[in-house]
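Shown next, in structure tokens, is the structure this report addresses.
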Amino acid sequence: MRYLAPGSLKEALDILRREDDARCIAGGATLVAMMNADLVAVDVLVGLGRIAELSGITETDDEVRIGAMTRHAEIAASPVLTGALGVVRSAAGQIAHPAVRNMGTIGGSICHADPAADFPAALLAADATIEAASAEGTRQIPIGEFFEDYFETALREGEIVTAIRLPRGPAGARGHHVKFSRVDGDYATVSVSAVLVMAGATCSYARIALGSSGPVPIRVTAAEEALVGSPLDQAAIAEAARLLAEAADPVDDVRGTTEYRLMLIPRLLARALNTLKDGETASV
Amino acid sequence: MSEMDVIEKQPVTLRVNGNVHELEIAPARTLLDVLRSELRLTGAKRSCNQGVCGACSVLRDGKPVRACISLAFAAEDSEITTIEGLADGNRLSRVQQAFVDAGAVQCGFCMPAMVIAATALLNENPNPGVEEIRHGLGGNICRCSGYVKVVDAILSLTEGSKS
Ligand SMILES: Cc1cc2nc3c(=O)[nH]c(=O)nc-3n(C[C@H](O)[C@H](O)[C@H](O)COP(=O)(O)OP(=O)(O)OC[C@H]3O[C@@H](n4cnc5c(N)ncnc54)[C@H](O)[C@@H]3O)c2cc1C
Ligand code: FES
Ligand code: FES
């Protein structure tokens with residue numbers, strides 16, 4: 027095996043085009059764990075750590091752009107991720123423990139596409155666009171099309187995720203991520219990501235996504251419609267939760283049975299919505 | 568040297584505890600493996616080798632990371648501090664001394680990483696409360712289950728304990 031550490035994106039893309047069995051390594055938190063367990067073998071590892079253009083959070087009037095190599099700890103502490111984008115900041119702060127948040131990157135998280143991860147649902151709720159580059163050029167992938175199955179994404183061979191682009195969201199929006207896990211720092215048994223606008227006591231906008239509830243994060247527009255126009259009373263939340271649970275297809279595993287996960291959905295949805303309704307922005 | 572070796576080994580420069588090391592290693596080797604086997608710094612422990620237990624924690628540019636799931640090559644641009652780098656000769660760091668004074672150490676296996684995590688926490692937040700300490704060290708598992716005195720040790724270094 028060889029390790030290459032290109033200093034520019036162009037160089038990295040050239041390596042991916044040139045080499046047969048080359049694979050990017052970002053934080054390494056998942057890839058190295060898999061190598062340690064003999065689950066993957068790679069000929070050429072392409073370290074992305076020296077490519078400055080892949081790191082950091084920048085903003086324009088319309089959007090916030092998070093470089094693929096930005097670490098969870100930086101996202102969790104970003105003063106730029108406010109309003110609707112609080113959903114992404116809040117998810118980042120709930121990933122694992124400090125040491126893993128100092129290693130893992132948002133690009134690595136979504137490329138690995140673990141359905142139990144926190145970013146997939148949060149990015150779906152935030153209506154993100156994934157920017158991917160290859161030697162042929164750059165393309166934009168709507169988040170709804172990025173995750174295809176367990177550990178499968180729309181990324182093609184030779185492509186590198188360069189950034190996650192987040193629209194600011196509607197005026198007055200707030201976002202929050204709620205996660206239930208067996209112990210502090212574990213992957214979610216179920217997570218709910220929510221972005222909400224309240225017009226007085228009435229909900230005027232809702233975008234909700236479930237994590238750890240199927241092969242890919244789940245969004246149901248009918249559930250959002252059940253919330254919009256309501257005061258987010260019990261009946262509206264129960265109806266939205268019913269529609270979401272109907273679309274969910276959670277696994278039965280060590281983190282919880284399918285039945286248990288389905289029971290968590292209404293409870294976590296209520297928790298997320300009540301937090302946002304009461305005007306608290308993401309606290310974690 | 569066989570042809571395999573020529574292909575498999577690459578030069579790497581690591582900065583650990585203020586020393587610069589020039590090594591030739593296989594790129595798949597983890598930072599933990601290189602620290603322990605090449606540099607003989609055995610304070611960072613190998614337990615799960617999966618990033619879960621925390622026993623291998625070291626500081627990368629002052630922040631805690633898991634050495635078992637870090638490639639040595641990916642550490643080239645950073646300053647690594649292991650537990651061996653905290654004491655000043657035979658004088659323990661204040662965090663190490665606080666752990667001793669509180670009687671926080673049982674078998675000791677998890678302790679280098681606990682001290683590393685506590686050091687990083689206190690650098691970032693000199694006066695953590697109990698909850699913040701628990702979260703800061705949440706990724707460090709102690710199989711002797713001696714968490715109470717670890718928290719006591721860290722608390723003893725905060726403003727609150729002195730007033
Ligand atoms: C102990 C532990 C606990 C964890 N707990 C949680 C949790 O609670 N919630 C959660 O969401 N996550 C959790 N994670 C996952 C972690 O936070 C990271 O998201 C994960 O390790 C992947 O990020 P990475 O940067 O380490 O990617 P790597 O391991 O470097 O790469 C992962 C995969 O993505 C590919 N890749 C990486 N970057 C790119 C890119 N820019 N373009 C194309 N391909 C790329 C790699 O080739 C590889 O296949 C946990 C991990 C560990 C080790
Ligand atoms: S040995 Fe590294 S986290 Fe367990
Ligand atoms: S002191 Fe024995 S594992 Fe913690």
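For the record, the sequence lines run as chains G and Y. The working numbering puts the last residue of the first sequence at 310; the count rises by one with no breaks. The working numbering puts the last residue of the second sequence at 730; the count rises by one with no breaks. The beta-carbon is built from N, C-alpha and C at its ideal position, and this holds for glycine as well.
Could you tell me whether the Cβ of residue i comes closer than 7 Å to any Cβ of chain G?
i: Pro594(Y); result: yes
i: Gly629(Y); result: no
i: Gly713(Y); result: no
i: Ser723(Y); result: no
i: Gln617(Y); result: yes
i: Gly705(Y); result: yes
i: Ser660(Y); result: no
i: Ser614(Y); result: no
i: Glu570(Y); result: Interpretation of Glu570(Y) is limited by its pLDDT of 44, a score under 50 that renders its predicted location unreliable; the figure taken from the coordinates is listed afterwards. Cβ-Cβ to chain G under 7 Å: no for Glu570(Y).
i: Ser624(Y); result: yes
Just verifying my parser: in three-state terms, what is the DSSP assignment at residue i?
i: Tyr286(G); result: helix
i: Cys553(Y); result: Here chain Y covers residues 568 to 730 and nothing more, so residue 553(Y) does not appear.
i: Leu602(Y); result: helix
i: Val254(G); result: coil
i: Ala227(G); result: coil
i: Asn586(Y); result: strand
i: Ser160(G); result: strand
i: Leu65(G); result: coil
i: Phe173(G); result: strand
i: Ser168(G); result: Checking the sequence, you will find Pro at residue 168(G) rather than Ser. It is a strand residue.
i: Glu4(G); result: This structure does not reach residue 4(G), given that chain G is present from 27 up to 310, and the question cannot be answered.
i: Asp655(Y); result: strand
i: Leu724(Y); result: coil
i: Ile83(G); result: strand
i: Ala279(G); result: The question names Ala, yet the displayed sequence has Asp at residue 279(G). Of the three classes helix, strand and coil, the one that applies to Asp279(G) here is strand, per DSSP.
i: Ile647(Y); result: strand
i: Lys576(Y); result: coil
i: Tyr29(G); result: strand
i: His203(G); result: strand
i: Lys630(Y); result: strand
i: Ala189(G); result: strand
i: Val218(G); result: strand
i: Val70(G); result: strand
i: Arg701(Y); result: helix
i: Cys615(Y); result: coil
i: Leu581(Y); result: strand
i: Glu183(G); result: coil
i: Ile77(G); result: coil
i: Leu57(G); result: helix
i: Pro196(G); result: coil
i: Val625(Y); result: strand
i: Cys620(Y); result: coil
Decide if residue i is buried, meaning its Cβ has at least 16 other Cβ atoms within 10 Å, or exposed.
i: Asn690(Y); result: exposed
i: Glu250(G); result: buried
i: Phe172(G); result: buried
i: Gly670(Y); result: exposed
i: Glu591(Y); result: exposed
i: Ala680(Y); result: buried
i: Gly629(Y); result: exposed
i: Pro695(Y); result: buried
i: Leu65(G); result: exposed
i: Pro276(G); result: buried
i: Gly226(G); result: exposed
i: Ala232(G); result: buried
i: Lys612(Y); result: buried
i: Asn586(Y); result: exposed
i: Cys711(Y); result: exposed
i: Ser104(G); result: buried
i: Asp600(Y); result: buried
i: Val715(Y); result: exposed
Answer with yes or no whether the minimum CB distance from residue i to chain A is below 7 Å.
i: Tyr213(G); result: Among the protein chains in the structure shown, which are G and Y, there is no chain A.
For residue i, decide whether its Cβ has a neighbour in chain Y, counting only Cβ atoms nearer than 7 Å.
i: His123(G); result: yes
i: Glu133(G); result: Note that residue 133(G) is Gly in the sequence shown here, rather than Glu. Chain Y, which has no Cβ nearer than 7 Å to the Cβ of Gly133(G), makes this no.
i: Gly198(G); result: no
i: Met60(G); result: no
i: Gly54(G); result: yes
i: Gly73(G); result: yes
i: Val310(G); result: The predicted model places Val310(G) with a pLDDT of 41, which falls under 50 and marks its position as unreliable, so this point remains unresolved.
i: Tyr286(G); result: no
i: Met27(G); result: yes
Near-chain G residues of the stretch 631-655 of chain Y (beta-carbon distance less than 8 Å), N- to C-terminal order: Pro631, Val632, Arg633, Cys635, Ile636, Ser637, Leu638, Phe640, Ala641, Glu643 and Asp644
Members of the stretch 79-100 of chain G that neighbour chain Y once the beta carbon cut-off is set at 7 Å: none
Where the stretch 576-609 of chain Y meets chain G: residues whose CB sits under 8 Å from a CB there: Gln577, Ala593, Pro594, Ala595 and Thr597
Residues of the stretch 201-212 of chain G whose Cβ lies closer than 8 Å to any Cβ of chain Y, in chain order: Asp210 and Gly211
Inside the stretch 85-147 of chain G only - alpha helix (DSSP H) runs reaching at least 4 residues: 98-102, 112-119, 124-127 and 132-138
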